[in-house]
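These notes concern the structure reproduced below.
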Amino acid sequence: MFPHHENEIAQSRAAGDGFARYWLHNGWVTMGGEKMSKSLGNVLSIPAMLERVRPAELRYYLGSAHYRSMLEFSETALQDAVNAYVGIEDFLHRVRRRVGAVVPGCWTPGSRRRSTTTFRFRSRWPRFTTRAPKATGLSTRATTMSPWPRPAQSAQ
């Protein structure tokens, strides 16, 4: 149940922001097998990281580990995450070019019906999310970042 930390709503509102609408929990970020901490001197500052990668790429990297697992920091893993994120962006740009100016879920001008392109795109999405990892080299995580839910998988 949220909020689950003391005074979260009061702290958020006192800072001038509303209460968080989305939460992201994660385990420790480790370096060399040890938890990052100032006392150990193995801390990387966010501003220093943002000089090297974009905020979205850093979020993608930090969100790549299961929320109950630790994330071992390495330059190689960070660069892999950056490359994966750029791959997702490239894919989305290709989709946008193929679909055209139609934004999925938007009404077409002068009509109360959704466009044919949007309907086709949305109806093919579940099939795409099961085939795309193999065809595009994108991870399953990347293909499930969808505005539409995936169909329930049958238990086998």
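The sequence shown lines up with residues 1386 to 1541 when you count with our numbering.
Using N, Cα and C, we set each Cβ at its ideal position, and we do this for glycine too.
Asked: Heavy atom of the ligand HEM within 7 Å of S1449 beta-carbon; Found: The ligand HEM is absent from the structure shown, which contains no ligand whatsoever.
Asked: Selected residue, minimal CA-CA separation from V1471, among Y1452, A1450 and P1440; Found: P1440
Asked: N- and C-terminal bounds of the beta strand (DSSP E) containing M1416; Found: V1414 to M1416
Asked: Touch test, the segment 1429-1437 against the segment 1390-1409, Cβ-Cβ under 8 Å, three pairs minimum; Found: no
Asked: Nearest-angstrom Cα separation, counted from R1406 out to E1460; Found: 31 Å
Asked: Three-state secondary structure assigned by DSSP to E1460; Found: helix
Asked: Extent of the continuous alpha helix (DSSP H) run through E1442; Found: P1440 to L1447
Asked: R1497 in three-state terms, based on DSSP; Found: Caution applies to R1497, whose pLDDT of 49 falls short of 50 and renders its modelled position unreliable; the model cannot decide the point.
Asked: L1463 to Y1446 span [Cα, whole Å]; Found: 6 Å
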